[in-house]
Amino acid sequence: MAAPTMKERQACWGARDEYWKCLDENTEDASKCKKLRSSFESSCPQQWIKYFDKRRDYLKFKEKFEAGDFQPSKMTAKS
Amino acid sequence: MLLLARPPKAWHRLFQLQPLALLGTPGGKTQHVRYQLFSTPGPADTGRQGQPQGPGLRTRLLVTALVGAGLGGAWLALRAEKERGRQQQRTEALRQAAVGQGDFSLLDHRGRVRCKADFRGQWVLLYFGFTHCPDICPDELEKLVQVVRQLEAEPGLPPVQPLFITVDPERDTVAAMARYVQDFHPRLLGLTGSAEQIAQVSRSYRVYYSAGPKDEDQDYIVDHSIAIYLLSPDGLFTDYYSRARSAEQITDSVRRHMAAFRSVLR
Chain A
1 MAAPTMKERQ ACWGARDEYW KCLDENTEDA SKCKKLRSSF ESSCPQQWIK
51 YFDKRRDYLK FKEKFEAGDF QPSKMTAKS
Chain B
1 MLLLARPPKA WHRLFQLQPL ALLGTPGGKT QHVRYQLFST PGPADTGRQG
51 QPQGPGLRTR LLVTALVGAG LGGAWLALRA EKERGRQQQR TEALRQAAVG
101 QGDFSLLDHR GRVRCKADFR GQWVLLYFGF THCPDICPDE LEKLVQVVRQ
151 LEAEPGLPPV QPLFITVDPE RDTVAAMARY VQDFHPRLLG LTGSAEQIAQ
201 VSRSYRVYYS AGPKDEDQDY IVDHSIAIYL LSPDGLFTDY YSRARSAEQI
251 TDSVRRHMAA FRSVLR
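Residue numbers (UniProt numbering), protein chains in the order written: chain A, 1 to 79; chain B, 1 to 266.
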């Protein structure tokens, strides 16, 4: 399988950004962004979608952490 | 701190007469301040009555200003000297890290064999990545060629050769590299090789890489260290830039290395 070209990469990133924006606007409620999700999935290799999903989780966590909102769970705090 | 040793009376006078004296380096002003204190008649100074009074206020201010300017200048010179020393130290530490020693022999994206010695005489900016990379490699390569373009636009600077070495030799064949590099810069060279050759060159630049599990499409992501390397015209590792560095910061750093460069060969 050939790697995506620059055009394909940009199309994929564009669809990802649209989908992420929708999640931002709907407080992470994916059911309200189904259309954009399917456009994201059809614009990117499957492997990248997994990667970007994980990356968004990470970025969200980082945002929370940097804002000082992150509370370690009680389990973690005890150990 | 020095001033703490003075008797309270002197303290009081000091504030009255020379508020300026406290603004500079206290140690260096001691001499001047003492002169001030003793040349002004006061109850403790009876033996001096009748003698001409010390220099006028203008002279005193002038002397203070001159001494201040001298100290400021000395401080600036010292700081510049310290900065030079720090840079030299960093260069030396990087040299001792022995990164990128030895040669490599890889195929460029036109199928020609390329050794490190082929780039002797040129500054090289080098990045390791893979063509199926979702976002970081394209971003970093874009940054790298932006640096090359900025330096190209400045007349009088030596040329910089951009290089991209794959850490995914299984998929990144000569043809795959040719397709990939053309999107970035006309002079960007993509280098690939056998699994062993790639392992060797990555090891010598301390680049970690590890291919993830394959999915149904036989696709996978390669996890790898992210850094842009700068090699001098001697082929020696000179500096590296992490992801957090902007194109402007890298350009500035390369420019500084170019200005300070003296070949150790010949």
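All residues carry an ideal CB built from backbone N, CA and C; glycine is no exception.
For residue i, which of the options has the nearest alpha-carbon?
i: residue 211 of chain B; options: B:264, B:221, B:178 and B:187; result: B:221
i: residue 165 of chain B; options: B:194, B:85 and B:250; result: B:194
i: residue 238 of chain B; options: B:246, B:249, B:254 and B:247; result: B:254
i: residue 252 of chain B; options: B:151, B:88 and B:188; result: B:151
i: residue 126 of chain B; options: B:155, B:199 and B:160; result: B:160
i: residue 291 of chain B; options: A:28, A:49 and A:29; result: Past the boundaries of the shown model lies residue 291 of chain B; chain B is included only from 1 to 266, so the question cannot be answered.
i: residue 18 of chain A; options: A:72, A:71, A:61 and A:56; result: A:56
i: residue 47 of chain A; options: B:257, B:258 and B:219; result: B:219
i: residue 138 of chain B; options: B:153, B:149 and B:185; result: B:185
Taking DSSP as the reference, what is the three-state secondary structure of residue i?
i: residue 63 of chain B; result: helix
i: residue 128 of chain B; result: strand
i: residue 206 of chain B; result: coil
i: residue 78 of chain B; result: helix
i: residue 187 of chain B; result: coil
i: residue 19 of chain A; result: helix
i: residue 109 of chain B; result: coil
i: residue 81 of chain A; result: Chain A is shown from 1 up to 79; residue 81 of chain A falls before or after that span and cannot be answered.
i: residue 18 of chain B; result: Since pLDDT at residue 18 of chain B reaches only 46, below the 50 mark, its modelled position is unreliable, and the value read off the structure follows with that caveat. In the structure shown, residue 18 of chain B sits in coil (DSSP, three-state: anything other than H, G, I, E or B).
i: residue 238 of chain B; result: strand
i: residue 71 of chain B; result: helix
i: residue 99 of chain B; result: coil
In whole angstroms, what separates the C-alpha of residue i from that of residue j?
i: residue 118 of chain B; j: residue 235 of chain B; result: 9 Å
i: residue 215 of chain B; j: residue 44 of chain A; result: 14 Å
i: residue 197 of chain B; j: residue 217 of chain B; result: 27 Å
i: residue 224 of chain B; j: residue 70 of chain B; result: 53 Å
i: residue 228 of chain B; j: residue 106 of chain B; result: 19 Å
i: residue 124 of chain B; j: residue 39 of chain A; result: 40 Å
i: residue 173 of chain B; j: residue 233 of chain B; result: 28 Å
i: residue 67 of chain B; j: residue 208 of chain B; result: 56 Å
i: residue 15 of chain A; j: residue 158 of chain B; result: 41 Å
i: residue 93 of chain B; j: residue 261 of chain B; result: 16 Å
i: residue 20 of chain A; j: residue 101 of chain B; result: 44 Å
i: residue 256 of chain B; j: residue 76 of chain B; result: 20 Å
Compare the beta carbon distance of residue i and residue j with 8 Å and say whether it is the shorter of the two.
i: residue 163 of chain B; j: residue 141 of chain B; result: no
i: residue 115 of chain B; j: residue 104 of chain B; result: yes
i: residue 179 of chain B; j: residue 2 of chain A; result: yes
Within 7 Å: the Cβ of residue i and any heavy atom of the ligand ADP?
i: residue 164 of chain B; result: In terms of ligand content, the structure shown is empty, and the ligand ADP therefore cannot be addressed.
Can you confirm whether the segment 34–41 of chain A touches the segment 195–205 of chain B when touching is taken to mean that 3 or more C-beta pairs between the two stretches lie within less than 8 Å? no
Taking 8 Å as the threshold, find out whether the segment 239–249 of chain B comes into contact with the segment 142–158 of chain B through three or more Cβ pairs. yes
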